[in-house]
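See below for the structure under consideration.
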Amino acid sequence: MLQLSLPFLVSPQAKRPVIRSDFIHEKRPLNLHCLQLPPSLFISNSQQHPYPTLPFPSPATQSVAAIVFGDGSESRLYPLTKRRSEGAIPIAANYRLIDAVVSNCINSNINRIYALTQFNSTCLNSHLSRAYSGIEGLGHEAYVQVIAAYQGGDDKGWFQGNADAVRRCLWLLEEYPVSEFLVLPGNHLYRMDYQKLINAHRKSKADITIAVSSASRNHDPGFGFLQVNSKNQVLEFRLRLEEKPIDFVSVKSSTNFSDIAPNGFPSMGIYLINRQTIKGLLEEHFPTANDFRSEVIPGAISKGMKVQAYVFGGYWEDMKSIEAFYQANMQSTKNANLGYNFHNIESPLYTLPRRLPPTLITDAVITDSVIGGGCIINRCKIKGAVIGMGAKIGEGVIIEDSVIIGSDVYIRGDFQRSGMDIPVGIGKETQIRNAIIDKNARIGKSVMIINKDHVQEGDREADGYVIRGGIVVVTRDAVIPDGSVL
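In the UniProt record's numbering, the protein residues as written are 1 to 486.
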């Protein structure tokens, strides 16, 4: 089941907590049809064959399939990814990172969406299968099919990379007669109309079109830099590989171009590839390639295939670090066009509906903040913060410029969980500044999470926290004793 579900935003102009009525009255849960099938039917194994018939839209109504990757073997957002993949990380109180990409597909009328998952994927698989199992509404249909990694009897082991994953799932991806595949990272935050990308791809008659960012020219996102001419034809690709002995992968197109005045753009890791092109690249030209970024895309360019760039000028954050994730959350509390707009009505953000009670706020002073559902907030001060679903905040607490991811459980009263000396939530008289508190953390009374020594990098995971870029990250299920100073 799918729902347009927004946290409430505390108005910075208000003298007391105010729920923005201009958001709320327009954002009632959408009356969308849910297919009444058990969740187990929506998580497939990439070794299964034949796959059961599923209610996809008619092939005549859709000619592009999206392939979304929700995780990677090496995460830059650890310890937030210790028990979940990057796509499953909660953001802006009510959502998960992958919701932005899936919503882009739905809003762009791309209705056939495959999610390929592997690392720490239990939470992500559950979210996708429950939220997007079957969607009908707003004049279109959509379906997300989760394809979980497997270890078969062919001695190939697990997926070795995104290209290897697509190759091994081609038998399933080719069941429907689509003309192109749109390959998408599932952990990026941006709003894009993919139909514009598709139209540009078809107009240029390209084999591959790569989305590039014009707003991040001096930023290296790790997907490579493209040199393009005035017609957005790719002349050269350059990628720094920090994990390998060589410093760079650099290839030039073997095609002769009359216009060679180049412009440089960073790749966003988004690839629109013709059906026959992707099959030929993965099965014939590069049958052992594991990665699109460092092997398949450079190989296609070097072979002289027609590779185009699609220039995207909007906000885009690839969540390259804990600091980037923190800043994206902080921007969600602002009433300005500084980052991703979580309150966009024309291109809404969808997620899984949670049947939580309304947030209870008692004598709290809250400004410039986003509050999720099911919270219990007692006599405290909150400023410039994201308070996730089910968070429990005690009396006398001060929270500033921080992300509280929340809790999996809803507990009234003293927040006490049976058998625990320190309950789930934020204890009385605690102060938290410039921090991220992961899910189900138990913060004792009179704790100071303020990075008092201004440490930039620190690893105290055994004690329940780390420091990344000066931001204190309290790990999931951590217990911080009363009176602790971090």
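Think of the CB as a built atom: it goes at the ideal place given N, C-alpha and C, for glycine as much as any other residue. Given the structure is predicted, the values throughout are model-derived calculations rather than measurements.
Check: Please work out which residues of its chain come closer than 6 angstroms, Cβ to Cβ, to Q160, disregarding the five sequence neighbours upstream and downstream, and give them in chain order.; Outcome: N290
Check: So the candidates are L189, A92, E86 and V68; which of them puts its Cα closest to the Cα of L173?; Outcome: V68
Check: At which residues does the beta strand (DSSP E) containing E180 begin and terminate?; Outcome: E180 to P185
Check: Alpha carbon to alpha carbon, how far is E86 from L77? Give it in angstroms, no decimals.; Outcome: 7 angstroms
Check: Taking only the alpha-carbon atoms, compute the straight-line gap between V485 and A478 and give it to the nearest angstrom.; Outcome: 15 angstroms
Check: Assuming E395 and I273 form a contact by the criterion Cβ under 8 angstroms, report the distance between their Cβ atoms to the nearest whole angstrom.; Outcome: Actually they are not in contact, since the Cβ atoms of E395 and I273 sit about 56 angstroms apart, beyond 8 angstroms.
Check: When the Cβ atoms of the stretch 423 to 430 are set against those of the stretch 450 to 457, are three or more pairs found closer than 8 angstroms?; Outcome: no
Check: The alpha helix (DSSP H) that contains L128, what's its start and end?; Outcome: T122 to A131
Check: State the start and end residues of the unbroken alpha helix (DSSP H) segment that holds P298.; Outcome: I297 to S302
Check: Could you have a look at S214 and say whether DSSP puts it in helix, strand or coil?; Outcome: coil
Check: Leaving out five residues on either side along the sequence, give the residues of the same chain with a beta carbon under 6 angstroms from the beta carbon of I89.; Outcome: L80 and L97
Check: Assuming F286 and V296 make a contact with CB atoms under 8 angstroms, what is their CB distance in whole Å?; Outcome: 6 angstroms
Check: Which residues share a DSSP beta bridge with F265?; Outcome: L226
Check: What are the start and end residues of each continuous alpha helix (DSSP H) run of 4 or more residues lying completely inside the stretch 424 to 484, in chain order?; Outcome: none
Check: Tell me where the alpha helix (DSSP H) around R238 begins and ends.; Outcome: Unbroken run through R238 is the beta strand (DSSP E), V234 to R240; no alpha helix (DSSP H).
Check: Below 8 angstroms, how does it come out for the stretch 187 to 195 and the stretch 108 to 127: are there three or more Cβ pairs, yes or no?; Outcome: yes
Check: Starting from the Cα of G464, find the closest Cα among L184, S63 and N440 and give me that residue.; Outcome: N440
Check: Among V472, Q276 and D164, whose alpha-carbon lies nearest the alpha-carbon of P177?; Outcome: Q276
Check: Less than 7 angstroms between the C-beta atoms of G264 and F225, yes or no?; Outcome: yes
Check: Roughly how many angstroms separate the alpha carbons of I246 and R238, rounded to a whole number?; Outcome: Confidence at I246 is low in this model, with a pLDDT of 41, below 50, so its placement is unreliable and the value that follows should be read with caution. Cα-Cα distance, rounded: 13 angstroms.
Check: State yes or no: is the C-beta of T351 within less than 7 angstroms of the C-beta of G373?; Outcome: no
Check: Starting from L116, trace the beta strand (DSSP E) in both directions and tell me its first and last residue.; Outcome: R112 to T117
Check: Near I432, what residues of its chain come up, given a Cβ to Cβ distance below 6 angstroms and the 5 sequence neighbours on each side ignored?; Outcome: I399, S402 and I449
Check: What do you get for A364, buried or exposed, if any count of 16 or more other CB atoms within 10 angstroms of its CB means buried?; Outcome: buried
Check: Suppose you measure from the CA of G304 to the CA of S129; what does that come to, to the nearest Å?; Outcome: 40 angstroms
Check: So if DSSP puts P90 in a beta bridge, which residue, or which two residues, is it bridged to?; Outcome: R96
Check: Quick check on the burial criterion: 16 or more other C-beta atoms within 10 angstroms. Buried or exposed for V472?; Outcome: buried
Check: Whole angstroms is fine: what's the gap from G427's alpha carbon to K452's?; Outcome: 19 angstroms
Check: Taking the alpha-carbon positions, what's the G269 to G70 distance?; Outcome: 13 angstroms
Check: Could you check the C-alpha separation between A435 and P298 for me, to the nearest Å?; Outcome: 40 angstroms
Check: Ends of the alpha helix (DSSP H) at V409?; Outcome: Where V409 is concerned, there is no enclosing alpha helix (DSSP H), given that its DSSP letter is neither H nor E.
Check: Residue range of the beta strand (DSSP E) that Y310 falls in?; Outcome: V307 to F312
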